[in-house]
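Have a look at the structure below, then the notes.
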Amino acid sequence: MKISPKSITQLFFAAVLLTGTLGCNSPFTPKPRGYYAIKFPEHRYQAFDRPGFPYTFEYPVYARISQDSTFFEEQPENPYWINIDIPDYNGRIYISYNRIGGNARYKVKNAKGEYVDSLGVNTFEKLLNGSYTLSFKHSYKASSIEDSAFKTPAGIDGVFFRIGGNTATSNQFLVSDSVKHFLRGALYFDATPNEDSLRPVNAFLKEDLKHLVNTLRWRE
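Each position in the sequence shown, counted from 1, maps to that position plus 226 in my numbering.
Below is the structure:
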């Protein structure tokens, strides 16, 4: 049977239409969400060795240090609280220092149920418990909280906290000689918490935190 050119054209368009219809009914697989690639600089460091401070360490050359006037709602009890700002990544490392055995202000409830300042003494146990309380303060948003003990090359003992989930901070640490010095650090981001998007920045700055801790020295 001879097929006319017109019939061939009609059969072609019918096949195209059928293919398109079947394609529309096929399963759709969305592409995974992607994030912009971040180009990180080389890890290079400079010394923080300010006269009068009870500690020294090395911090990134792409960071700057400022005096801390307040850590959220907590007032520094001495002038050795500082911020290490990393402006390129909207990050900030809060460094708080307490002298064990020194006087400190604490919030206590009065008879009316109001929180008021009370003078007390910094004991190692009180500072340690306070650090754990601050770290686990994020537990209602965190998917996991891991703590691991370590000892620096200088023989200083400490604990590193890794907080998983969409929290403003994923990496915190504390170091102390349990007798005189107690220092705590926490990396925060001025951004909407998103574990996936912040993962590469957290991994990059975690190396800087480790370098800071491993180069930390006390001044007697």
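Even for Gly, the Cβ is constructed at its ideal location relative to N, Cα and C.
DSSP, read as helix, strand or coil, puts residue 311 in strand.
DSSP places residue 339 in the coil class of the three-state scheme, outside both helix and strand.
Classified as buried, residue 439 has 16 or more neighbouring CB atoms from the shown chains inside 10 Å of its CB.
For residue 278, same chain residues with a beta-carbon under 7 Å away, outside a window of 5 residues either side, do not exist.
The Cβ neighbour count for residue 269, taken over all protein chains shown within 10 Å, is under 16; the residue is labelled exposed. Within the region 342-404, the alpha helix (DSSP H) runs of at least 4 residues that lie entirely inside it are, in chain order, 350-361. Residue 433 carries a helical assignment under DSSP once its states are collapsed to helix, strand and coil. Counting along the chain, the unbroken beta strand (DSSP E) around residue 408 starts and ends at 407-415.
For residue 292, the uninterrupted beta strand (DSSP E) segment begins and ends at 290-293. By the C-beta density criterion, residue 401 is buried, having at least 16 other C-beta atoms within 10 angstroms. The beta carbons of residue 431 and residue 312 sit closer together than 8 Å. Taking all protein chains shown into account, residue 319 has 16 or more neighbouring C-beta atoms within 10 Å of its C-beta and is therefore buried. Counting only the Cα atoms, residue 425 lies some 18 Å from residue 399. Distances from the alpha-carbon of residue 411 to those of 303, 310, 352, 292 put 310 closest. Its Cα nearest to that of residue 324, the residue 352 stands out among 352, 383, 286, 391.
Counted as a single uninterrupted DSSP element, the beta strand (DSSP E) harbouring residue 324 occupies residues 317-325. Residue 284 has 273 as its beta-bridge partners, per DSSP. The shortest C-alpha to C-alpha distance from residue 358 to any of 387, 444, 394 is the one to 387.
Taking C-beta atoms as the reference points, residue 271 and residue 285 count as a pair closer than 8 Å. The straight-line gap separating the alpha-carbon atoms of residue 336 and residue 355 is approximately 22 Å. Cβ-Cβ distances below 6 Å link residue 264 to 426 in the same chain, with the five nearest sequence neighbours on each side left out; the list follows chain order.
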